[in-house]
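Chains as they are written, first to last, in my numbering: chain X, 2 to 292; chain H, 27 to 395; chain C, 542 to 917; chain Z, 4 to 281.
Ideal placement from N, C-alpha and C gives every residue a C-beta, glycine not left out.
See structure below.
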Amino acid sequence: MPGKSRLFLFFSLAPAFAFILFFGIYPFLFACFYSVRSFYFGLNVDNVFTAMSNYHNSVIDPLFQYSMFVTFVFVIVSVGLQLLIGVGAAILFSVIKTKAFKYIQVFLSLPLMMPPVVTGFLWWYLFNTDLGIVNYYLSYFGIMPRNVNLLATPITALASIIYADVWMWTPFIMIVTYAAIQSIPNDVMEAAIVDGAKDRHLIRKIILPRIKTALLVVLLIRVIDAFRTYDLVYVLTGGGPGTSTQVASLEIYNTAFLKWFLGQSFAQALMLTAILILVGNILIYLLRRGV
Amino acid sequence: MAKLVVENVTKKYGPALTLEKISFTAEEGQITVLLSPPNGGKTGICKIVAGLDEVDSGKVYLGDRDITDLEPKERRVSMMFQKLALYPNMNVFENIASPLKALHLPPSEVINQVEAIANKMKISHTLYRKPGTLSGGERQRVALSRALVKNNADLYILDEPLTNLDAKIRASMRAEFKILQKEINQTMLYATPDPIEALALADKLIVLDKGKIIQQGTPEYIYRNPINKFVATFVGYYPINLIEGSIIEKGEKIILQTNLFEIEISKLRDSVKDHINSKVTLGLRPELLNVVKKEPKVQESLDLFYIKGEVFEFEIRGSDTVVYVKINDQIIRVLESKITKYDIGIKVWLQFNLKDIYLFDAESGLLIR
Amino acid sequence: MVKVVLENVGKVFKGSKKAKETVAVKGFTAEFPSNKVVGILGPSGCGKTTTLRAIAGLDPPSEGKIYFEDKDVTYLPPIERDAALLFQFAVVYDNMTVFDNLAFPLMVKNINKEEINKRVKETAEFLGLSDILKKRAKGLPASINQKIALGRAIIRKPKVLLLDEPLSSLDPESRLYLRRELKKVIRSMDTTVVYVTHDQSEAMTLCDKIAVMNEGKVHQYDTPENIYLNPATTFVAWFIGEPGMNLIDCSMEASEGKYYIKIDGVSDVSFEVSKWSHALKESDKIVLGIRPEFITITKTYKKNSIAGKCLVIESFGSFALLDILTNCSPNNIIKVKTPLSDDLPKVDGDVYLTFPPAYIRLFDKKSGELRVVMTE
Amino acid sequence: MKTSAFIKFILVTLITLILIAYFDLPIIVMIVTAFKQRADIFTPVPKWIFTPTIKNFVDIFVGTTTMAEGTLAIQNSLFFVTTSTVIAMFIGSLAAYGFSRFKFFGREDLIFFVLAQRFMPGIVIVLPMFVLYSSVGLRGTALGLILLYINSALPFVIWMMRSFFDEIPREIDEAARLDGHSWFTIFIKFVLPVARNGFLATFLFSFIFTWGEFLFALILTTPESWTMPIAIVNSRVSSEILWGQIAAYGVISIIPVFIIAIALQKYLVRGMTLGAVK
């Protein structure tokens, strides 16, 4: 590479990597370093090396265990539902060959464009016992008594969070899946139609095998983001009632800012990262294998 | 205008292609054509000469300057790309003016020069349109204009300038290009994968394959004396027919024996005497073969051969017919300069002249005669 | 075994904000006889694929009718037509094996396993695919892919076989073999074949009749020989042949009760056309067409020949293509194709061109239609 | 044929209506609430017909209630988000161009490393930064948050822009180089204008993501540097929940986003998947 080109390459990459090194790598190393120390922020506790005890204490802490459990339930149920509804609707629209989806897709995308905090508040309002339309209409149609506070019992609170998350993210899967189906070469669909394929053949033999990759990418993005979910839960239930909807990010936040035990919160955050890397790698492995 | 000398240039382009010890000269004011099948190395050479790719070793001289390590803009070369590379966000005027603007010429000068070249290339009417709205032929002309407007260039590189055109337009552009080249009289390096284009345009032809120069010379010379089987197959209107065989001596006679036929080639004794009892490959150019439908009487002269076969398939191309004649499972291509239809499977005789045969060494592939 | 009839078929693509309304095909009327191969030939964008898709039922025409024998199929979905379609870029279902690919059209009809097995075996045998039946259809060479697609088309024995440039994406060698395969298939099946292509040699070689199209209109529907020798319009004259006909502006003049064609810009060349004067009288301008291979070229002057200068010689081994600069209009270059000999003119040398009258075709300049075939 | 087309039409309309209702009704409720007077909000039966008012909006800006910080939060958000997005676009596009046009040792690993940043849990980054910022006095400052926002936008910008640059034929750059232009000129004048639409789309998506960011702002801002999301969350603390004003806040915060979404339809999928699905 001639000198001038080399120079340009250096200056094109340097600023971005300066940022990433400082704001990506530095915090990570910092967290690694203090995750093995008894590091309390602003409290008068000795900051000493404690080996793996932060990790050990987290793992045996029933609260942390529970938060991981809730997180897993949330991720699996929520992403599962989103996939089911999103992919289903996208396939339906593709098979009945209507352009309608193209026109409504911008309206469907609104939930996921909203600031998550606003979404949280919106659903908090909608689930409100006295004012929310959810309770009103559910009781109006006799499904449920009016005065039940959905956010006040553990199961319904988690269900409400999942419901809000599904509302927010299903359009994402729907739109991406629809785009993936549209990108199947017209030739292939037409060849199958001329070959006499009916809708169920088209879906099973042509569409599904060809959108696998796109679905995996979507799944990867969704699963990782769902594991990190914070804002929606913070606003909607704040982890309550009690700690019943305390997802991992919230638990880590509490360790840091209620107990001010940053050492342990680093350990917990790094364990969450490790799980993300593991899950991410499994999905990437599947992707690379070209399922 | 200057002479281009490429000396021992070597460059590795990944596992599929390495340019190996490329050396050639492009003479002043001539078109030197680089001809190779796709991925044979011609684009690599163009880019190296233009300065877009670096050499691993070797030198490039333009005139008396060593340009091996110069930046593209310091080389005084101009290039037209196969994909044209017109700037889609700029109109035709701005596209053509780009090289002049880089030279910081005064605006009036830029306008004059752009308008002059646009007139010459018959694209004046498109000057204020975006390339996306032009037809294929017009876009080709814009790209060519941009390459030619830089009149301080010593060398013009044209990398497959006609490849993206419709066959019908390509044929007429070819002639036009030849006329243009005569007019501007500059040193040109022209890359193409199309042997017909190469034969028609070249002053000097360089045949490449897999990153190596196989043969260089005038087009006529290469057509008549292909150095090996590859050149014989590649350079020509249609690929040459190759038939495996061996040369044996029977008493006084020298016989070429193939599994399709045996012919006497005693007259070629001088050229084949070193290859008696060895394996050879016979080459027959499709355009020098004839198909005879009626059985010939006796051999009219010793130099004319008739081989019996059957019509496997035929194909009408313009005013020509390509007949595929099957002899013992091998298919021989024959080009006839007229339109004839054949019934598939009928008996025919292949006719050719002793003076038109090529013989190659079976192992090395090199031309014997 | 059905004949396909097109009755005034037209297709208009509705305009949108970005694209204007485009007429892809207009007034296509033709009868494609059963058990024959009919070609639709034209440059890209001429409407040939649109026509084919209308016959296949993928996009119904916006006007006109399509019949298979006597049955009106204009608006029937593809499934109910019994027509098979082969695309330019072979479509294989690459997530399935070759076997499943071939079996697909039968599988979707719920035909029983044994029958499917039997027919897949037969078809594979016929096309030489038996060895790779168990392979996954991904990453096979283009020629094999097209064979698989062909297999899928013929396995259900369609009444009409539609081919959309099936050979144009293949290399010359596999094209040769696949073309033979195609011929074999066509001969062995009772089917009407419609072959769409932009490659005139494919059309001339394969088809019994050819419809030449340009800009949505059929210019000529005729046998290959007639299309080559007597093109119905100047477009066909230019399009067919490599290179196509030279087209030269002329006018008709009368003198001493006889009629002559004179080439514009060339004073001393004329051809007597009294026999056909009635056909030419309505035209104010006439275009003379002559194929490059029929022009005689000499280095010395001959009577009734056009003087010119040799600009470019492209030599191709056994023949040469010459560009001759003359005073003819509209395009002062006349292309000549001549066998290679030692007698060829040199570049920049003076030459004289003679047009044998039997090969001259006269067109009306305005409409472009053929008016006169000059036979002696 | 006629009947099946009719059934299809009914089916499509039905599904479309259900989907739109499901996904947009809550948003409509929010918008409606924002224009309701207090008395119309606190009714046991949802009121769909009422006299609209803009009092809720006025309250946010003029500050007649406890939510006096409204104007400030809006200003903060606009300033932080715009500044960080503009800088991230510049730095990120430049890096994306380098990645797209040069081959160098370890390039693929570096690109993957950049992508990995996008999936790092925010909490891992923000806790150490909280400690650092506290010690150097960057906590609660505009600079501190902007720097972090630039960093979190960078992976997205680099990946998106690289996918757009990769679509621009390399020959464009090569031709411009032969014309005699410098690399920087080529980037600014020849390549960026061609990638204009992609650039715009990336900018707007990046804007949306930063606009809604919550965690960093929650931990690193003080009341003077609160962003919109933080102001909304903190408005809950007051003795009476001001539903009308919260809804008005929500409406204000989604307005830019909605405009962007409509303008961006074409790039929706690409923006959401970092260019992995087009």
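query	result
Contact under 7 angstroms by Cβ, ASN868(C) with VAL807(C)	yes
Straight-line gap, ALA388(H) to LEU643(C) (C-alpha atoms, nearest Å)	42 angstroms
Anticipated Cβ contact below 8 angstroms, LEU894(C) with ILE874(C), distance rounded	Wrong, their Cβ atoms sit about 12 angstroms apart, outside the cutoff.
Buried or exposed by the 16-neighbour rule on C-beta atoms within 10 Å, applied to TYR216(H)	buried
Short CB-CB distance (under 7 angstroms) between PRO242(X) and chain C	no
Secondary structure of VAL59(H), DSSP reduced to three states	strand
Assigned secondary structure, ASN354(H) (DSSP; H/G/I helix, E/B strand, else coil)	coil
Buried or exposed (CB count within 10 angstroms, at least 16 for buried), TYR154(H)	exposed
Within 7 angstroms, strictly: CB atoms of SER59(X) and ALA268(X)	yes
Where HIS819(C) falls: helix, strand or coil (DSSP)	helix
Straight-line Cα distance separating ILE280(H) from SER297(H)	12 angstroms
ALA128(H) beta carbon less than 7 angstroms from that of GLY183(Z)	yes
Listed by chain order, chain C residues near ILE365(H) by CB distance under 7 angstroms	TYR769
Assigned secondary structure, THR36(Z) (DSSP; H/G/I helix, E/B strand, else coil)	helix
Distance CB(GLN247(X))-CB(THR256(X)) smaller than 7 angstroms	no
Assigned secondary structure, LYS29(H) (DSSP; H/G/I helix, E/B strand, else coil)	coil
Alpha-carbon spacing of ALA264(Z) relative to PHE108(X), whole angstroms	9 angstroms
Enclosing beta strand (DSSP E) for ALA565(C) [first to last residue]	563-573
Cβ contact (3+ pairs, closer than 8 angstroms) linking the region 348-368 of chain H and the region 773-790 of chain C	no
Cross-chain neighbours of ALA597(C) in chain X, by beta carbon under 9 angstroms	GLU191, VAL195
PHE219(Z) versus VAL129(Z) - alpha carbon distance	6 angstroms
Chain C within 7 angstroms of GLU339(H), Cβ atoms only	yes
Proximal residues, the region 151-175 of chain H versus chain Z, C-beta separation under 8 angstroms	ARG172
Proximity test, Cβ basis, 7 angstroms: PHE107(H) and chain Z	yes
Proximity test, Cβ basis, 7 angstroms: ASP763(C) and chain H	no
Proximal residues of chain X, C-beta to C-beta of GLY101(Z) below 9 angstroms	PHE9, LEU10, PHE11, PHE12, SER13, LEU14, ALA17
Anticipated Cβ contact below 8 angstroms, GLU111(Z) with PHE107(H), distance rounded	That pair is no contact at about 27 angstroms.
Per-residue burial, GLY240(X) [other beta carbons within 10 Å of its own, 16 or more giving buried]	buried
Three-pair Cβ contact test at 8 angstroms for the region 265-280 of chain H versus the region 85-100 of chain H	no
Element boundaries [beta strand (DSSP E), containing HIS57(X)]	That residue, HIS57(X), is in no beta strand (DSSP E); its alpha helix (DSSP H) goes 54-61.
Cβ pair MET169(X), LEU113(X) closer than 7 angstroms	yes
Reference LYS843(C); option with closest CA among SER815(C), VAL810(C), LYS822(C), ASP864(C)	VAL810(C)
Buried/exposed call for LEU22(X), threshold 16 Cβ in 10 Å	exposed
Residues from the region 204-236 of chain X in contact with chain C, defined by Cβ distance under 8 angstroms	LYS206, ILE207, PRO210, ARG211
CB of PHE261(Z) within 7 angstroms of CB of SER209(Z), strictly	no
Contacting positions in the region 728-758 of chain C - beta carbon closer than 7 angstroms to chain H	SER742, MET745, THR746
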